[in-house]
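Line by line, the protein sequences give chains A and B. Heads up: the first sequence is residues 62 to 494, going by our numbering. Heads up: the second sequence is residues 9 to 141, going by our numbering. Notes to accompany the following structure.
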Amino acid sequence: MKPAWPLDPKSSECNCAKCDGEKPAGASAPSGMIYMDYNATTPLDRRVLDTMMPYLTDDFGNAASRSHAFGWKAQAAVDQARDEVAKLINAQGKDIVFTSGATESDNLAIKGVAEMYRSKGNHIITCPAEHKAVIDPCKRLATEGFDITWVAPDANGVVQPEAVAAAITDKTVLISIMAVNNETGVINPIAEIGRLAKQRGVIFHTDATQALGKIPLDVEAMGVDLMSLSAHKIYGPKGVGALYVRRSGPRVRLVCQMDGGGHERGLRSGTLNVPGIAGFGAACRIAGDEMTEATERIARLRDRLEEGVMAGLDKVQRNGHPTLRVCGTSNLSFAYVEGESLMMKLANVAVSSGSACTSASLEPSHVLKAMGVGDDLAHSSIRFSLGRFTTEAEVEYVIEQTIKSVRELRQLSPLYEMAQEGVDLSKVAWKGH
Amino acid sequence: MQYGDKLNDHFNNPRNVGSMDKSAQDVGTGIVGAPECGDVMKLQIQVAPDGTIVDAKFKTFGCGSAIAASSLATEWIKGRSVEQASEIKNTDIANELALPPVKVHCSVLAEDAVRAAIADWKSKNLAANKTEN
Chain A
62 MKPAWPLDPK
72 SSECNCAKCD
82 GEKPAGASAP
92 SGMIYMDYNA
102 TTPLDRRVLD
112 TMMPYLTDDF
122 GNAASRSHAF
132 GWKAQAAVDQ
142 ARDEVAKLIN
152 AQGKDIVFTS
162 GATESDNLAI
172 KGVAEMYRSK
182 GNHIITCPAE
192 HKAVIDPCKR
202 LATEGFDITW
212 VAPDANGVVQ
222 PEAVAAAITD
232 KTVLISIMAV
242 NNETGVINPI
252 AEIGRLAKQR
262 GVIFHTDATQ
272 ALGKIPLDVE
282 AMGVDLMSLS
292 AHKIYGPKGV
302 GALYVRRSGP
312 RVRLVCQMDG
322 GGHERGLRSG
332 TLNVPGIAGF
342 GAACRIAGDE
352 MTEATERIAR
362 LRDRLEEGVM
372 AGLDKVQRNG
382 HPTLRVCGTS
392 NLSFAYVEGE
402 SLMMKLANVA
412 VSSGSACTSA
422 SLEPSHVLKA
432 MGVGDDLAHS
442 SIRFSLGRFT
452 TEAEVEYVIE
462 QTIKSVRELR
472 QLSPLYEMAQ
482 EGVDLSKVAW
492 KGH
Chain B
9 MQYGDKLNDH
19 FNNPRNVGSM
29 DKSAQDVGTG
39 IVGAPECGDV
49 MKLQIQVAPD
59 GTIVDAKFKT
69 FGCGSAIAAS
79 SLATEWIKGR
89 SVEQASEIKN
99 TDIANELALP
109 PVKVHCSVLA
119 EDAVRAAIAD
129 WKSKNLAANK
139 TEN
């Protein structure tokens, strides 16, 4: 079945008065906005929306209502979704705790373990290239007496299992290493880290938000005890996620972070978001069914994007491991050009940048910094992330626009001029501010 | 970041882009900022014997507001005397371009670039006067 997003020109006809029944230009036409920020979020797949709709309208029951059919229907939808989510990571439905998203899942996993196993130890191992939803809970725990070891990734962005192993002490209660990095798409050796965590009896959490549906995940084979997941990165709705919590071998116990009616095995109180959960289930089912075909197609498009851009421009650096990457992500630094200005030039292409100028903190990407990329190239980085609805025509257009924009901005760049004149930029005494 | 029309106009149609001969006696060059900080501005002025800025050029590595701020600065100082140009205020640039608070430092950088260019021209020409005397 062909994925049907509203922007797919072949599947939807525009009904607005202006178009007079004509088809809209659609995502493949350069006249519209082109979305290449799939790692930020994804559009809802039409099939997911169709699954959700009844639970927003007629079948609106509370899944916790045991006394009538409204509740039973909602409960059945949640049960089905639980199994669908579990299947994609080779778990059981009972292992899945639904949350509001991966940020909540990360908080529940990290703080929940820290509080539960406090008497056993106060040491946590994680990585400085993690998402803020892992970094910030760890930083908070550090203020509460926990020792955090930050294991830096290598220059390719990969966390080395030996480095994690070397950090384990008899006080270590948790290792939290992401499966796939959101900025670079780099895949970490989760199975190896899981194996050594098991050997040393340490609980292993992985934030798999960017991995779900893009690479095969198997909590058993990978030795994962806790896994954070999100729906909106895989063409599901925003505001719903899950935490896989291992029930045996070993049984992982958590202190819940939300007290209330005791929903979700007492680990996450609060009325279940039934339509969102039903959508998450459908999104997981579709992602699983189409993974092989989709990842091959998207990887081909991503590779074409990189090849095209690099053929037209010199001094382009790819950030992250060249092959240990998920299909859709390309993180490139365009020397002598600042990221935000490049995004402005690429006016009708939605991408993101590791430049400080795009962040509220005015700090360049902490992920690139952790990998040892210089601040100058971090400021010059752009993340292209492709997905289910990316077309060849879009990729060709983005290649052309990127080359044109970088050339224009380099003509405007004093750094490019100096480099052309043979000045070694690293030796200039800059008057920073 | 979403910007206003004036800023977008300066970004999309930057005024006075280019370079002058740094070693020319009547040219002052200011280079401020650092690549690690994400912005570097080079601003140059050409000054007539009567102290009028007859031409100004810039090149900027930086975000959209840094590029727009330097473009606007060159537009404002062209035709002014060196004294008038040295009174340029970052707040005026920030107001004209409706810079959001996090981007105000871009206007500061543009002001610094103008002052640095004037200082360079002054040092060259004061030195020249001294050798002549």
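We put the CB at the ideal spot given by N, CA and C, even for glycine. Note that the structure is a prediction, hence the values are computed from the model and not measured.
Closer than 7 Å to the CB of Met94 of chain A there is not a single CB belonging to chain B. Boundaries of the alpha helix (DSSP H) around Ala343 of chain A: 335-373. Within the stretch 460-475 of chain A, the residues whose Cβ lies closer than 7 Å to any Cβ of chain B are, in chain order, Leu473, Ser474, Pro475.
In the structure shown, Val234 of chain A falls within a strand segment according to DSSP collapsed to helix, strand and coil. Closer than 9 Å at the C-beta level to chain A, one finds these residues of the stretch 15-46 of chain B: Asn16, Phe19, Asn20, Pro22, Val25, Ser27, Ile39, Val40, Gly41, Ala42, Pro43, Glu44, Cys45, Gly46. Not a single C-beta of chain B is nearer than 7 Å to the C-beta of Glu244 of chain A. Using a CB distance cut-off of 7 Å, Glu424 of chain A does not count as an interface residue toward chain B.
Around the Cβ of Phe121 of chain A, a 10 Å sphere holds fewer than 16 other Cβ atoms; the residue is exposed. The three-state reading of DSSP puts Lys172 of chain A in helix, counting H, G and I together.
Among the bridge pairs identified by DSSP, Asp47 of chain B is matched with B:Ala42. A straight-line Cα-Cα distance of about 8 Å links His18 of chain B and Ala77 of chain B. Nearest neighbour of Gly132 of chain A by Cα position, chosen from A:Gly340, A:Pro336, A:Leu423, A:Val467, turns out to be A:Pro336. In this structure, the alpha-carbon of Asp364 of chain A lies about 13 Å from that of Gly448 of chain A. Here the stretch 364-378 of chain A makes no contact with the stretch 157-171 of chain A; the two share fewer than three CB pairs at distances below 8 Å. With contact defined as three or more Cβ pairs closer than 8 Å, the stretch 284-301 of chain A and the stretch 162-173 of chain A are in contact.
Cβ atoms of Ser27 of chain B and Lys67 of chain B come within 8 Å of each other, at about 6 Å. Look at the stretch 385-418 of chain A: the residues with a C-beta under 9 Å from a C-beta of chain B are Tyr397, Val398, Glu399, Gly400, Glu401, Ser402, Met404, Met405, Lys406, Ala408, Ser416, Ala417, Cys418. Restricting attention to A:Thr103, A:Val234, A:Glu176, A:Gly483, the CA atom closest to the CA of Leu315 of chain A is found in A:Glu176. Our two residues, Ala130 of chain A and Thr118 of chain A, have alpha carbons roughly 15 Å apart in a direct line. Listed along the chain, the chain B residues whose CB falls inside 9 Å of the CB of Asp98 of chain A amount to none; the nearest CB is some 15 Å away. Bounds of the beta strand (DSSP E) holding Trp211 of chain A are 208-211. By the Cβ-count criterion, Ala282 of chain A is exposed, with fewer than 16 other Cβ atoms from all chains shown falling within 10 Å of its own Cβ. Interface with chain B (7 Å Cβ-Cβ cutoff): Trp211 of chain A is excluded. Its chain contains His18, Phe19, Pro22, Thr68 as the residues whose beta carbon lies nearer than 8 Å to that of Ile75 of chain B, once the 5 sequence neighbours on both sides are disregarded; these appear in chain order. Using a CB distance below 8 Å, the part of the stretch 48-59 of chain B facing chain A consists of Val48, Met49, Lys50, ordered along the chain.
Contacts with chain A at 7 Å (Cβ-Cβ) include Ile75 of chain B. In the three-state DSSP reduction, Ala303 of chain A falls in the strand class (E or B).
Between Gly300 of chain A and Arg386 of chain A, the CB-CB gap reaches or exceeds 7 Å.
Counting only the Cα atoms, Thr82 of chain B lies some 15 Å from Val40 of chain B.
From the beta-carbon of Lys67 of chain B, the residues of chain A found nearer than 7 Å are Leu473, Ser474, Pro475, Glu478. Among the CB atoms of chain B, one or more fall inside 7 Å of the CB of Lys492 of chain A. The closest CA to that of Met94 of chain A, considering only A:Val410, A:Ala142, A:Thr230, is found on A:Val410.
For Gly72 of chain B, the neighbours in chain A by C-beta distance under 7 Å run, in chain order, Glu401, Ser402, Met405.
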